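Asks:
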Amino acid sequence: MVFTDISKLKVTIPRADEKEVAVIREGNIGFQKDVKRRFEKIDNILFGVITAVVVSLVAVVISVIGLFMDQMRYNNVAYKEYSEKIQTLESLKNSNIELLEQNKQNQELIISQNNQIIELLNKKLGE
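Heads up: the sequence shown is residues -4 to 122, going by the numbering used here.
1. How many angstroms separate the CA atom of S58 from the CA atom of L84?
2. Between the C-alpha atoms of L116 and Q108, what's the straight-line distance to the nearest angstrom?
3. Once you ignore the five residues that flank G121 on each side, which residues in its own chain have a CB closer than 8 Å to its CB?
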């Protein structure tokens, strides 16, 4: 059907409930820009939080490495002191062993000299 007379043309718009129709008031035209701005703020905050977490993790790793190195240095110093004490004890032990051997030799010498003196006295008294 072709309409030749526009004045007889009738357009009807169906009625809808208020819940089905989105009403944009005059002040809400910038709503999308406001939402976008808020999401950008949230993105910036999330980026800052993630950056802070990463920086703190790096700091923790560096401090753990530092503690490990300090512990190794302390262990090296403690081991060096321990080694020096062990060497001192070994040298004292060796010198004590040498002195003990000298004492044994001296005792044997004294015993042999005592025996010689007793023999000489017996010879003198027996004459």
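For each residue, glycine too, the CB sits at the ideal point set by N, CA and C. It should be emphasised that the depicted structure is a prediction, and the values quoted were computed from it without experimental measurement.
Replies: In terms of the structure at hand:
1. 38 Å
2. 12 Å
3. none
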